[in-house]
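Going by this note's numbering, the sequence shown opens with residue 6, and the numbers climb by one from there.
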Amino acid sequence: DYYKNLLNSYGPEYTFPILLKELFEILRDYGGQIEVPCLKLERWGKTLYTFQIKATDLLKISYVYRARPATIKNEAYQRMLDPRRLKEIGELLREKKFEVNFPNNIITNINSEHINFTSEGNQPFGSLKIENKFGRIWVIDGQHRLYSFLNADNVKEDFELIVTAFADLTYSEQSKIFATINSSAKKVTPDLIDYLFSLELPRNYIGTAAKICINLSNEQIFDGDTLYLGFEKPRKRTQYLGIHALVRVLT
Numbered sequence: 006d007y008y009k010n011l012l013n014s015y016g017p018e019y020t021f022p023i024l025l026k027e028l029f030e031i032l033r034d035y036g037g038q039i040e041v042p043c044l045k046l047e048r049w050g051k052t053l054y055t056f057q058i059k060a061t062d063l064l065k066i067s068y069v070y071r072a073r074p075a076t077i078k079n080e081a082y083q084r085m086l087d088p089r090r091l092k093e094i095g096e097l098l099r100e101k102k103f104e105v106n107f108p109n110n111i112i113t114n115i116n117s118e119h120i121n122f123t124s125e126g127n128q129p130f131g132s133l134k135i136e137n138k139f140g141r142i143w144v145i146d147g148q149h150r151l152y153s154f155l156n157a158d159n160v161k162e163d164f165e166l167i168v169t170a171f172a173d174l175t176y177s178e179q180s181k182i183f184a185t186i187n188s189s190a191k192k193v194t195p196d197l198i199d200y201l202f203s204l205e206l207p208r209n210y211i212g213t214a215a216k217i218c219i220n221l222s223n224e225q226i227f228d229g230d231t232l233y234l235g236f237e238k239p240r241k242r243t244q245y246l247g248i249h250a251l252v253r254v255l256t
């Protein structure tokens, strides 16, 4: 089931290198090196590299250490990809929607033995060379952003992603960063998402339904109940109607 899920998410081209690595400990070598402009920082005992890299290059050399029965004992921590989410993001990428510009960094780990950073006079800005081989970068956070490009062939050749790579983290340190990022992020409620869609022009069907609900609320159609848009809730639960529930009825 694990490899079937991978095939469903990645397709055969990107599943094959995973099979080689996990079953035979063979890393697919694409030859040469990938060179990118880079900022190097030393912070709290860790070395970090921040750089831009083409989505196609990052896809080839990235690996995700997923938790499953065979890897739990080795401190694997990543989730499986959600194919539906990949397709949804990929569709937005193909249409070049501004909301999928991905200004936030993909967080990764890299082995310092497989890179070479050079700069003039020990300046923090320089050039980073990475071996063009599968598994040279391990994705900690941002796997859905990265692999959504598998569904966006028209943009992945030119799109450059922003990456921050820690150097030489242990499995335990990687999992701690993953847990901290994902536990600290405050979840956006479905009600707020529907409200935000109502502000978009042109609106999709969810935004249109949400706008109708807001207009009805402004006309006081809901018998004195407050329409909850995903911000601060009224103190008494009976005093509000969630916009998401109403949108679901309309759509």
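Every residue gets a Cβ at the ideal spot worked out from N, C-alpha and C, and that includes glycine.
Under the rule that a run must span 3 or more residues, the beta strand (DSSP E) segments found entirely inside the region 190-234 read 231-233.
Contact between the region 48-57 and the region 65-74 is absent: fewer than three C-beta pairs spanning the two stretches fall below 8 Å. Contact check for leucine 25 and tyrosine 8: beta-carbon distance about 12 Å, past the 8 Å limit, so the pair fails to qualify.
With a beta-carbon spacing of about 20 Å, isoleucine 115 and alanine 184 fall beyond the 8 Å limit used to define contacts. By the Cβ-count criterion, threonine 113 is buried, with 16 or more other Cβ atoms from all chains shown falling within 10 Å of its own Cβ. Excluding its 5 nearest sequence neighbours in each direction, serine 180 has C-beta neighbours in its own chain below 7 Å: Glu80, Tyr82, listed in chain order. The continuous stretches of beta strand (DSSP E) do not include arginine 99, which lies in the alpha helix (DSSP H) extending over residues 88-99. According to DSSP, arginine 71 shares a beta bridge with Gln83. It is roughly 19 Å from the alpha-carbon of asparagine 110 to the alpha-carbon of glycine 131.
Threonine 256 is not a Cβ neighbour of tyrosine 245, given a cutoff of 7 Å.
If you draw a straight line from the Cα of lysine 92 to the Cα of arginine 150, it is about 11 Å long.
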